[in-house]
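Report on one structure; see the data block that follows.
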Amino acid sequence: MSIVSVEHVSKDYMLGKTVVPALRDVSLAVGKGEFLSIAGPSGSGKTTLLNLVGCVDTPTAGRVIVAGQDTARLSERALTELRLRTIGFIFQSFNLVSVLSVFQNVEFPLLLQGGQTRKERAERVLALLDAVGIAEHARHRPSELSGGQRQRVAIARALVTRPALVLADEPTANLDSETGGNIIDLMKEMNRRDGTTFIFSTHDPKVMAHASALVRIEDGRIASREDLDAARLAGGR
Amino acid sequence: MAPRRDAARVLLRIAFRNLLASPVRTGILGAIVLVGALIVVVGSSVLDSIDRGMRTSIQGSLGGHLQVYEARSEGALELYGGLRGESLLEPIEDFSKVKAVLEQVPNVKQVVPMGIDQAMVATGNAFDLALERLRGDVRRLEAGEDGPELRRDYAAHAAHVRRMVQLLRDEIAQAREISDPEGREAAERKSEWEALQRAATDAFWRDLDRDRYGSLEFLENRVAPLAMDTAFTFLRYVGTDVDAFFRAFPLAEVVKGERIPTGQRGVLVGKQYAEEWLKLKNARRLDQIKDARDRRGKRIADDEELQRWVRENRAGIREILLQLDPIRADALAQELRPALGAPAAEPLEALLGRLFAATDESFDGQYRIFYDVVAPKLRLYQIDVGDTITIKAPSKSGYFSSVNVKVYGFLQFKGIERSGIAGMMSVLDLMSFRDLYGYLTAEKAAEIRALQKSMGAREIDRERAEAELFGAADGALVGEARVAEIDEGALVKRREEERASAADLAAHVYSQEELEHGVALNAALILDDPRLLRRTEGDVRKAIADAGLGLKVVDWQEAAGLVGQFVTLLRVVLFTAVVIFFAIALVIINNAMVMATLQRVKEIGTMRAIGTQRRFVVTMLLVEIATVGLVFGLAGAALGAGVVWGIRVAGGIPAVTDLLYFVFSGPALFPRLGALAVGGSLAVVLLVAILSALYPALIAMRVTPVEAMATED
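Just so you know, the sequences run in chain order C and S.
Going by our numbering, the letters in the first sequence line up with residues 168 to 404, in that order.
Going by our numbering, the letters in the second sequence line up with residues -7 to 705, in that order.
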């Protein structure tokens, strides 16, 4: 059963009076527990595809179905609600709320969701901070952390609501390769531990290598889809 | 709902932390809000207090709550005078009809007749006063009284007059040197000079006892007019039913003397008018110096005006010396020497010079000595309680009317004693007002008929009026010419007759009916419940229309004319200033918030992406600015309250001008902090703050989650 289903989706942007097609008739299904990498050069449509899947944008044509819901039929409020409950986001430039502490940044989605006691929230947040290896910085502000540490906080924030799907837009682009590798390892670990589906975009071949599946995009079209795990199984040992 | 509460809590936290995160921006916005709240609190507190002061001053002194006057009047009623002098009002022919109708209107407690005008009052001169004293002695002696004390007074008073004659002769001798002896009026001048020479001779004074009345008449008619300092001053008065006036205006009080007895003729002279125009100049200047020092913190050492007053006081000693006969002068010198610590032989003139040479250190002591030692021996006011004064005014018919009235007392309005606006006002009985105004009362008509029987007397009366109208120099000549033709004995008799008839008139008690059946120019209405003023105003209008009285109705503020518009003017000024201030504040706050919002687009986008609803984002922004508004607004209001309190503790805002004295209803304004001022200021700053955050909020609302994805390359 796929958590995300993209069916014949096109997305056009208006640039002045010219229509710029960002995606042309794209179809993609992402199964539960996948660790999917979307690769392609700048301007190929990676981010547009992620935005559609992440319910922050809606398609010009075709359907995007996330966790069983057709995003084109949802109101702005319902889309926001869907993002809150179902999707976690990891951004290229971390995007933490600067005035909140590490702990509070991670707690933030839980507060938006509501329905938990302070103790439940604290346990969940601390467990995650521990899992991403940043528990000792819980009281720090994001500005006091390094890039890698910040991205760990962002991962914790994305996972805190136990979303079905985590989207990461170039999560390692602002990090050096060692740190970036660590972050990908961490994401992968989380993917394995909880079975959370990850979709991330990248143009770094080293990062792609970690993915369970790789989708290549060129000029708004899906150029290929490889199942790396299957290949690894076939090629390795 | 728990989810909402959690979300609200975290959004508040972000909002507050954002404020703290940019202290400069928050500080600037806060300062604007604070100053705004401060201006509104202080401004409206002061204004409200001024409004209250004005209300007290106007309603309590002349205005009452409503005023009515003849609708056909050319001008509008201006109780305190306008730019062009007194209001041009048509008379209300019969006040009793107006009163009968208006008293029936519900909520009308009292209807007070009024007629406001200005008249001339002769203030007399020192010569006249000295002669008057001598005449008193002569009368007692001629009546057969005698005794060492009377003899001593008589001698002293005669010596006083003689000294004045000498002074006058010296003065005119100097004048003669520069005048042309062959000129047109040379003959009159010569005769004057001869009269003066005669009065200055030893022989004249040796023979004083032989023909006391004859000598007095000579001095009064031939010599006194040469002392040209006979002056007129203008008296502003309200002719009214005096008893009703005091009932209607609780601020009015008699400070010296007594009220005019019910139904009688008389005048209560405005205290402040007396201070400014009738008081001995030296005493007045001492008062002014004291006032400037005590109330305005001026010092003689470094204030030019005070120094000038001190100089003028030293030059004004002659005026005091002229008032003193030798006995009093001697007594005064003896008292002054020890008080001033002067050597035993120092003459009075030098002593007074010492007294008036004030410095900041010595002033208070000298001021006390003046009032304790010198003042009791002087006539401090040219017109004083107990005097009978002649008031003249051009009547309706074009002639000058004049009435003699007794000064029963000095009048002031509590709280606004020193305001020239109300304090200049004197109160005159209604009958005298009508005489001056020129509407014939039955009594006056009878008197004129009686006068017509003795034609000559009437002519003299007319001549004198003209003479005094057209100037003292001419008057002296005409008077003298007439006197030359008339037997002096007859003149004395005529004068005695006049005195007798004036005494009759002064003692006459008029009935309430006589007072009310007659002319008034306007009427003040006092209400039982002033809060119902507007409704009663309507009722009064209707009653006037129903009865066909043809009167115009105005409220107290309008009746006060220019003065009444002062508060309205202040209100407009404050309102305009506040509006301009907040318009600027709105632009600044709006700009700052737009900048802040644009800086946070990515953060807002992130929050939206991870599931924050739009309305939370907008709420967050509004909470931010509302917090600034509330915190700094409260601080500003508190600071404003502090300023208001500080003003009160520091002795209020001093009333440095007449107008302010009146408007403040006292020597200083003590602003009172109103709950409305504080609440109003908070409401205003909050409203402005939120209004200025609406556009930035709109920008924030339009931020999409996509913005969060925007990469930095």
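All C-beta atoms in this analysis are idealised placements derived from N, C-alpha and C, irrespective of residue type, glycine included.
Everything numeric in this text was worked out from a predicted model, so none of it was measured.
Looking only at its own chain, which residues have a Cβ that is under 7 angstroms from the Cβ of residue i, when we skip the five neighbours before and after it?
i, result
"L39/S", "L562, R563 and L566"
"A63/S", "G542, L543 and K544"
"L652/S", "none"
"R125/S", "H149"
"R317/C", "F261, L263 and P309"
"R346/S", "L332 and A334"
Excluding the five sequence neighbours on either side, which residues of its own chain have a C-beta within less than 8 angstroms of the C-beta of residue i, listed in chain order?
i, result
"T328/C", "L251, R252, G255, P276, L277 and Q280"
"V620/S", "L11, T18, L21, G22, V25 and A681"
"R694/S", "none"
"V399/S", "G249, G258, V259, L260, V261, I375, D376, V377, G378, D379, T380 and I381"
"L249/C", "C222, V233, A234, Q236, T238 and L241"
"A7/S", "M612, L613, V615, E616 and T619"
Tell me the DSSP secondary structure of residue i in three-state form.
i, result
"P372/C", "helix"
"G315/C", "helix"
"Y400/S", "strand"
"V320/C", "helix"
"Y373/S", "strand"
"A599/S", "A small fix is needed here, since residue 599/S is Met in this sequence, not Ala. The answer is helix: DSSP assigns M599/S an H, G or I state."
"T364/C", "strand"
"E186/C", "The question names Glu, yet the displayed sequence has Val at residue 186/C. If DSSP states are grouped into helix, strand and coil, V186/C belongs with the strands."
"A584/S", "helix"
"A135/S", "coil"
"N514/S", "strand"
"K110/C", "One cannot answer for residue 110/C here, as it falls past the ends of chain C, which runs 168 to 404."
"G107/S", "strand"
"G448/S", "Low confidence applies here, because G448/S scores a pLDDT of 49, under 50, leaving its location unreliable and the question unanswered by this model."
"V97/S", "coil"
"I84/S", "strand"
"S393/S", "strand"
"E180/S", "helix"
"Q259/C", "coil"
"Y363/S", "helix"
"M693/S", "helix"
"V648/S", "coil"
To which residues of the same chain is residue i closer than 6 angstroms at the C-beta, ignoring the five residues directly before and after it?
i, result
"T225/S", "V113, T115 and W269"
"L30/S", "G628, L631 and G632"
"V187/C", "Y180"
"L217/C", "L334, D336 and S368"
"A569/S", "none"
"Y61/S", "L69, L81, N514 and K544"
Short check: CB of residue i to CB of residue j, under 7 angstroms?
i, j, result
"T225/C", "A239/C", "yes"
"I281/S", "D352/S", "no"
"S418/S", "G262/S", "yes"
"I322/C", "I389/C", "no"
"A148/S", "D317/S", "yes"
"V223/C", "V610/S", "no"
"K271/S", "Y373/S", "yes"
"V320/C", "F365/C", "no"
"I84/S", "V90/S", "yes"
"R441/S", "S41/S", "no"
"I252/S", "D427/S", "no"
"G212/C", "L190/C", "yes"
"F405/S", "A244/S", "yes"
"G207/C", "E393/C", "no"
Run through the DSSP bridge pairs and tell me what residue i is partnered with.
i, result
"M156/S", "Paired residue(s): none; M156/S is not in a bridge."
"V113/S", "T225/S and I383/S"
"G231/S", "G107/S and L420/S"
"S391/C", "R383/C"
"G198/C", "S169/C"
Can residue i be considered in contact with the ligand SAH, in the sense that its beta carbon sits closer than 6 angstroms to one or more heavy atoms?
i, result
"P217/S", "Absence of the ligand SAH is noted for the structure shown, with no ligands found whatsoever."
- Item | Cβ pair count under 8 angstroms reaching 3, the region 247 to 261 of chain S against the region 499 to 510 of chain S | Because the criterion of three Cβ pairs below 8 angstroms is met, the region 247 to 261 of chain S and the region 499 to 510 of chain S touch.
- Message: Can you confirm whether the region 319 to 337 of chain S touches the region 365 to 381 of chain S when touching is taken to mean that 3 or more C-beta pairs between the two stretches lie within less than 8 angstroms?
- Response: yes
- Examine the Cβ distances between the region 511 to 527 of chain S and the region 97 to 113 of chain S and report whether three or more of them are shorter than 8 angstroms. yes
- Message: Between the region 633 to 646 of chain S and the region 394 to 414 of chain S, can you find at least three pairs of beta-carbon atoms closer than 8 angstroms?
- Response: Too few Cβ pairs lie closer than 8 angstroms, so no.
- Query: Counting pairs of beta carbons, one from the region 287 to 303 of chain S and one from the region 104 to 112 of chain S, are three or more of them closer than 8 angstroms?
  - Reply: no
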